[in-house]
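Protein chains: 2
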Amino acid sequence: MQFQYYMPVRIVCGEDCVRKNHEMFAQFGRCALIVTGKSSAKNGALDDVKFALAQNGQGYAVYTDVPANPTVACVQAGAEEARRIRADFVVAIGGGSPMDAAKAIAVLARQNAEEGIFSHAIGEDVLPMLHIPTTAGTGSEVTQYSILTNDEKQTKTSISAPSLFPKIAFLDGKYMSSLSKEITVNTALDAVSHAAEGILSVRAGALSDVLARESLKIVFGEYPALLSGEFTSESRSNLLYGATLAGMVIANTGTTPVHGMGYSLTYFRGVPHGRANGLLLPAFLQECEKSVPERVRMICDALGMGTEAFSEKVAALLGDRERFSEEELRDYAHRASLNKNIKNCCVYFSEERLLAVLCRALGRRTR
Amino acid sequence: MQFQYYMPVRIVCGEDCVRKNHEMFAQFGRCALIVTGKSSAKNGALDDVKFALAQNGQGYAVYTDVPANPTVACVQAGAEEARRIRADFVVAIGGGSPMDAAKAIAVLARQNAEEGIFSHAIGEDVLPMLHIPTTAGTGSEVTQYSILTNDEKQTKTSISAPSLFPKIAFLDGKYMSSLSKEITVNTALDAVSHAAEGILSVRAGALSDVLARESLKIVFGEYPALLSGEFTSESRSNLLYGATLAGMVIANTGTTPVHGMGYSLTYFRGVPHGRANGLLLPAFLQECEKSVPERVRMICDALGMGTEAFSEKVAALLGDRERFSEEELRDYAHRASLNKNIKNCCVYFSEERLLAVLCRALGRRTR
Chain A
4 MQFQYYMPVR IVCGEDCVRK NHEMFAQFGR CALIVTGKSS AKNGALDDVK
54 FALAQNGQGY AVYTDVPANP TVACVQAGAE EARRIRADFV VAIGGGSPMD
104 AAKAIAVLAR QNAEEGIFSH AIGEDVLPML HIPTTAGTGS EVTQYSILTN
154 DEKQTKTSIS APSLFPKIAF LDGKYMSSLS KEITVNTALD AVSHAAEGIL
204 SVRAGALSDV LARESLKIVF GEYPALLSGE FTSESRSNLL YGATLAGMVI
254 ANTGTTPVHG MGYSLTYFRG VPHGRANGLL LPAFLQECEK SVPERVRMIC
304 DALGMGTEAF SEKVAALLGD RERFSEEELR DYAHRASLNK NIKNCCVYFS
354 EERLLAVLCR ALGRRTR
Chain B
4 MQFQYYMPVR IVCGEDCVRK NHEMFAQFGR CALIVTGKSS AKNGALDDVK
54 FALAQNGQGY AVYTDVPANP TVACVQAGAE EARRIRADFV VAIGGGSPMD
104 AAKAIAVLAR QNAEEGIFSH AIGEDVLPML HIPTTAGTGS EVTQYSILTN
154 DEKQTKTSIS APSLFPKIAF LDGKYMSSLS KEITVNTALD AVSHAAEGIL
204 SVRAGALSDV LARESLKIVF GEYPALLSGE FTSESRSNLL YGATLAGMVI
254 ANTGTTPVHG MGYSLTYFRG VPHGRANGLL LPAFLQECEK SVPERVRMIC
304 DALGMGTEAF SEKVAALLGD RERFSEEELR DYAHRASLNK NIKNCCVYFS
354 EERLLAVLCR ALGRRTR
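In order, the protein sequence lines correspond to chains A and B. Going by the working numbering, the letters in the first sequence line up with residues 4 to 370, in that order. Going by the working numbering, the letters in the second sequence line up with residues 4 to 370, in that order.
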């Protein structure tokens, strides 16, 4: 038995947990920069945070200029704003984009990264962060990763450091109550992908496996809700908890070729991140099954079905697939082969094998 | 779904993990105080730590004056030694006693506790700690608790603070390879008790439940080895990993009346801590089953047996039981009723109900 495990975020889970635990905000200083997307906070989360800060007599500014798939420019502007208001801490509200942007903002508010954020060695001096997910998928609230759009390399690139773990993650499923079926499905598929990829990581260990299996069980246990688009508050809580578990997994294992391939779908064709993973995961698992059947069996046991059935169930969630030319797929396979998370998989994926997965997942299907 | 979860210790698990990861020691400073019991380190752990420190050019002193059930005097003397050598950090090697003593030493080396360690409000300024368990039971390597003998109150009292979490826990089952059957059984029963009590805590939550169920499965999965006293290196690793999981549980849930009652058995009669819990746990579970059958069922499902079968299996591990007079048991029930962990149980235990458990577990049996 050999593994390492580290996840220092305090998790506070429950209905109205932000309001009920407002005193937890007090220790972080006098003034917060709240980082959120234009629509991310229209679910009560921003009001709850304002309430919590007001209880403690803390000031704040709200920075909402975070687009989906956040850019370097947006995090630089956010850091500028944090410095301007002399923010002592950052509160992130949103899906993966605001939560990831907030991490980079927390770094750049305190550290000069003249060589560029992607080359910068991130130090310890980072504004403390409190993360409040409003989608159930990314797991960013419990990871040390921030995924940003990298226009130079035409992909999404992750920056990572122990100091990027938030101090607290507040989990409240009520913020997801008005999310569309589409976003709910896409983000759930992101979580499923995190858990499954974690089991296939070279860094998988006993503890990450436990969390991954539980995550798969819980998230895919909500399949009927995902298919129908009708979510009870219990479904919402389960999906959020399952996504956070999957975040705990990838905090320790990292991701694998599914993410490596998926970034091109998002960068070049605007496919939402979770959907990109969902499109690729079944074919990836079927490919892995040839090499590490016992690891894939662990995933299947947790899902309660084989890879074929899983593939069909995911297909039903995804609906019509985007079409890609053979040239596109060849290009994506090449780009993915250069991604660092290829080496993170317990199965070796050559460019050829990546192309096989891409073709199986995305090639020559009728729309 | 409502819970809080926090466990910031980095876990490094695997054979020779101390030697292989010696560079992890470097960041904590120039000089270590190694805290261990007189025999705790005679299993290779002390040599491995000395090797790791030497690789980094770090100095150290070894403090071995930690008795079983550590006293306030021993941690005060240890803190004195830490100050004398200007220790930058503490390395704890041993079972619960050295690991718990090391935490109190790390506090007292930096903080004046003139009002006494049990009344002292523990601040953030604590020497960083690296913990290396050499028994598989206490879980202290992943908790914020230090349990010390409290002669004033004639019991064991826990001190607790977020700053008492070690920075790193190194888990290597090889340090347990020469442990006696008796110590292995007693410490395993401590771990089982932690996991089961965690499920019956008022602070139990989805995440602690996952870890507790897995812990019960893994530790009690080693029942044949525990009964025969023949342990493979895989058994040792499993017992250690299971005990650490159970430590992660109680870091979040705390313990319950089993520990509350058990402290008297240890304080007044010298019953080893894990054995005390093992003596009490089955009767406690049978009592809880009347009030919260669904919680006890979760425990039984993980153990793979009902409370009656569990009681028999534990009895086979414990062998002959110590005898206690009715007067002793009445006294223990009264003392336990004053313990703070009584309120931490999802079942209310009056003094009368505590006595019923004590009598069922310990009363009127032939030796």
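Ideal placement from N, C-alpha and C gives every residue a C-beta, glycine not left out.
Task: Residue(s) in a DSSP beta bridge with L151 (chain A) - done: Its beta-bridge partners are A:T160.
- [ ] Count the other C-beta atoms from every protein chain shown that fall within 10 angstroms of the C-beta of S353 (chain A), then say buried if there are 16 or more, exposed otherwise.
- [x] S353 (chain A) counts as exposed, since fewer than 16 other beta carbons sit within 10 angstroms of its beta carbon.
Open item on the list: Any beta carbon of chain A sitting closer than 8 Å to that of A209 (chain B)?
Closed with: So, interface residue.
Task: Listed by chain order, chain A residues near F31 (chain B) by CB distance under 9 Å - done: Here the premise fails: no neighbours, minimum Cβ distance about 14 Å.
TODO: Look at the alpha carbon of F234 (chain A) and the alpha carbon of E217 (chain A), and state the distance between them as a whole number of angstroms.
DONE: Taking the straight line from one Cα to the other gives about 20 Å.
Task: CA nearest to the CA of Y8 (chain B), picked from B:G257, B:S122, B:S100 and B:P275 - done: With respect to the C-alpha of Y8 (chain B), the residue from B:G257, B:S122, B:S100 and B:P275 having the closest C-alpha is B:G257.
Task: Closest by C-alpha distance to G250 (chain A), when choosing among A:A90, A:A95 and A:Y148 - done: It is A:Y148.
Task: chain A within 8 Å of T369 (chain B), Cβ atoms only - done: Because the pLDDT of T369 (chain B) is 42, which lies under 50, any placement of that residue in the model is unreliable, and the question is left without a value.
TODO: Could you check how far apart the C-beta atoms of L36 (chain B) and V93 (chain B) are, in whole angstroms? I think they sit under 8 Å.
DONE: Rounded, the Cβ-Cβ distance is 5 Å, consistent with contact.
- [ ] Give a yes or no on whether the C-beta atoms belonging to T74 (chain B) and V145 (chain B) are separated by under 8 Å.
- [x] No. Outside cutoff.
Open item on the list: Looking only at its chain, what residues have a beta carbon closer than 7 Å to the beta carbon of Q58 (chain A), apart from the 5 residues adjacent to it on each side?
Closed with: If we look at Q58 (chain A) and ignore the five residues flanking it on each side, its Cβ neighbours are H25.
TODO: Can you give me the start and stop residues for the alpha helix (DSSP H) that M102 (chain A) sits inside?
DONE: Annotation for M102 (chain A): the continuous alpha helix (DSSP H) segment containing it runs G99 to L111.
Task: Segments assigned beta strand (DSSP E), at least 3 residues, entirely inside the region 263–346 of chain B - done: Qualifying beta strand (DSSP E) stretches: none in this window.
TODO: Could you have a look at G224 (chain B) and say whether DSSP puts it in helix, strand or coil?
DONE: The three-state reading of DSSP puts G224 (chain B) in coil, since its state is none of H, G, I, E or B.
Open item on the list: I'd like the list of long-range same chain contacts for P101 (chain A), defined as Cβ closer than 6 Å, with 5 residues on each side in sequence excluded.
Closed with: So the list reads V38, T39, G40, S43, V69 and A95, once near-sequence residues are dropped.
Task: Where K177 (chain B) falls, given that 16 or more other Cβ within 10 Å makes a residue buried - done: Residue burial annotation: K177 (chain B) is buried, with at least 16 other C-beta atoms found within 10 angstroms of its C-beta.
- [ ] Closer than 8 Å by C-beta to G281 (chain A): which residues in its own chain qualify, once you throw out the five before and the five after it? Chain order, please.
- [x] In the same chain as G281 (chain A), and ignoring 5 residues on each side of it, the C-beta atoms closer than 8 Å to its own belong to V188, N189, L192, D193, V195, S196, V317, L320 and L321, in chain order.
Open item on the list: With three or more C-beta pairs closer than 8 Å as the rule, is the region 44–57 of chain B touching the region 11–25 of chain B?
Closed with: Counting Cβ pairs under 8 Å, three or more are found: they touch.
Task: Where the alpha helix (DSSP H) through A55 (chain B) begins and ends - done: It spans A48 to Q58 - the alpha helix (DSSP H) in which A55 (chain B) sits, taken as one unbroken run.
Open item on the list: Can you look up Y178 (chain B) in the DSSP assignment and give me helix, strand or coil?
Closed with: Of the three classes helix, strand and coil, the one that applies to Y178 (chain B) here is helix, per DSSP.
TODO: Could you have a look at M132 (chain B) and say whether DSSP puts it in helix, strand or coil?
DONE: Three-state result, M132 (chain B): strand.
Open item on the list: Please confirm whether I345 (chain A) has its beta-carbon closer than 8 Å to some beta-carbon of chain B.
Closed with: Chain B has no Cβ within less than 8 Å of the Cβ of I345 (chain A).
Open item on the list: Between S240 (chain B) and chain A, is the shortest Cβ-Cβ distance under 8 Å, so that the two count as touching?
Closed with: So yes, S240 (chain B) belongs to the interface.
Task: Contact belief for E200 (chain A) with V261 (chain A) at Cβ below 8 Å, rounded distance in angstroms - done: Contact flag correct, Cβ pair sits at about 6 Å.
Task: As assigned by DSSP and simplified to three states, the class of A35 (chain B) - done: The answer is strand: DSSP assigns A35 (chain B) an E or B state.
Task: Which listed residue (A:K220, A:F327, A:S238 and A:K293) has its alpha carbon closest to that of A279 (chain A) - done: Out of A:K220, A:F327, A:S238 and A:K293, the CA that lies nearest to the CA of A279 (chain A) is found in A:F327.
- [ ] Just the C-alpha distance for V295 (chain B) and I302 (chain B), rounded to the nearest angstrom, thanks.
- [x] Distance from the CA atom of V295 (chain B) to the CA atom of I302 (chain B), rounded to whole angstroms, is 11 Å.
Task: V195 (chain B) at chain A interface by Cβ criterion, 8 Å - done: Cβ-Cβ to chain A under 8 Å: no for V195 (chain B).
- [ ] With Q7 (chain A) as the anchor, note down where its beta strand (DSSP E) starts and where it stops.
- [x] That run of the beta strand (DSSP E) goes F6 to Y8.
Open item on the list: Could you pull the DSSP bridge partners for F173 (chain B) from this structure?
Closed with: According to DSSP, which records beta bridges pairwise, F173 (chain B) is partnered with B:V15.
- [ ] Spatial neighbours of S204 (chain B) within its chain, please: CB distance less than 7 Å, with the 5 preceding and 5 following residues excluded, ordered by chain position.
- [x] Excluding sequence neighbours, S204 (chain B) sits near T256, G257, T259, N347, C348 and C349.
Open item on the list: Let's see if you can read the secondary structure: which residues bound the alpha helix (DSSP H) around Y244 (chain A)?
Closed with: First-last of the alpha helix (DSSP H) with Y244 (chain A): S236 to T256.
TODO: Mark H276 (chain B) as exposed unless 16 or more other C-beta atoms lie within 10 angstroms of its C-beta, in which case mark it buried.
DONE: With 16 or more other Cβ atoms within 10 Å, it is buried.
Open item on the list: When you compare the CB positions of K306 (chain B) and A364 (chain B), do they come within less than 8 Å of one another, or not?
Closed with: It is worth fixing the name first, because residue 306 (chain B) is Leu in this sequence and not Lys. Judged by beta-carbon spacing, A364 (chain B) lies beyond the 8 Å limit of L306 (chain B), meaning their Cβ atoms are not closer than that value.
TODO: Take the Cβ of N337 (chain A) as the centre, count every other Cβ of all protein chains shown within 10 Å, and call the residue buried at 16 or more, exposed below.
DONE: Looking at the sequence shown, residue 337 (chain A) is not Asn but His. With fewer than 16 neighbouring CB atoms inside 10 Å of its own CB, H337 (chain A) falls in the exposed class.
- [ ] For chain A, find out if any of its Cβ atoms is closer than 8 Å to the Cβ of P227 (chain B); answer yes or no.
- [x] It does not: the Cβ of P227 (chain B) has no partner Cβ on chain A nearer than 8 Å.
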